[in-house]
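Going by our numbering, the sequence shown opens with residue 283, and the numbers climb by one from there.
Glycine is no exception: its CB is placed at the ideal position from the N, C-alpha and C atoms.
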Amino acid sequence: MTQRIAILISGRGSNMEAIVRACTAERWPAQVVAVVANRPDAAGLAFAAGHGIATAVVDHKAHGPGASGREAFDAALADVLDRFAPDVVVLAGFMRILGAAFVRRFEGRLLNIHPSLLPAFPGLHTHRRALEAGCKAAGATVHFVTPELDHGPIVMQSVVPVRADDDEHTLAARVLATEHVIYPKSVRWFVEGRLRLVGGRVEQAQGASQLLLDRGTVPGAAGDEGPT
Ligand code: GRF
283 MTQRIAILIS GRGSNMEAIV RACTAERWPA QVVAVVANRP DAAGLAFAAG HGIATAVVDH
343 KAHGPGASGR EAFDAALADV LDRFAPDVVV LAGFMRILGA AFVRRFEGRL LNIHPSLLPA
403 FPGLHTHRRA LEAGCKAAGA TVHFVTPELD HGPIVMQSVV PVRADDDEHT LAARVLATEH
463 VIYPKSVRWF VEGRLRLVGG RVEQAQGASQ LLLDRGTVPG AAGDEGPT
């Protein structure tokens, strides 16, 4: 049966775009049925609409401040999503923290991508913090969402080198290119029923690698000719 994918965005939506394109090009047993943004000016909405995908905006600013505003926003967002009856809800650059009630409502079918090698650097400014810490590797993580921020069973990670002359923009760009590989792959595995939760960890049913090494650039990685 065709799996129904809903994607939440806040801005550019390049991960959403990668998922939409892969879903069509690779003929997943799935369809992106909705792209929902928390900002009316989210650039990715235009791409979605241009591809015949239903779009919706649940503006967080319309729901007031404080805890009650956050709860009202979460409830409104959940109601909009439920109208599309999604089998999986994909957070793709969605910059709002979702409360425990929302997470529980979609538990087990709620995926996120975070631009760090979790559990390192949850939260904002991951690339700046990785550079400040002198990390030699950086990356991205696709994970199931739990009520704890940027936390939850890991589906897939990508690893890229940090270069001596990197700034947060060059590092972000290198990581983002890998996000566009690991997020579509992870969502595809989900809709194909290839992900299993075993003892709190995610396994790929066929034993496919859940790690993407940027082979061209990580010294010592398979396929790399550089010094080890
Ligand atoms: C990505 O780096 C994602 O990991 C982070 O925000 C960025 C969103 O980019 N959460 P886009 O909107 O998918 O282009």
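| Item | Value |
| --- | --- |
| Any non-hydrogen atom of ligand 1 closer than 8 Å to MET298 Cβ | yes |
| MET298 in three-state terms, based on DSSP | helix |
| GLY421 - partner residues in DSSP beta bridges | VAL441 |
| Buried or exposed (CB count within 10 angstroms, at least 16 for buried), ASP449 | exposed |
| ASP496, buried or exposed, once every other Cβ within 10 Å from all chains shown has been counted against 16 | buried |
| 9 Å Cβ cutoff met for GLY405 and LEU431 | yes |
| Minimum length 3: unbroken beta strand (DSSP E) runs contained in the region 310-341 | 312-319, 336-339 |
| heavy atom of ligand 1 below 8 Å from SER292 C-beta | yes |
| Distance, ALA344 Cα to GLY351 Cα | 9 Å |
| Run of the alpha helix (DSSP H) containing GLU461, from where it starts to where it stops | 450-473 |
| MET377 CB to nearest heavy atom of ligand 1 below 8 Å | yes |
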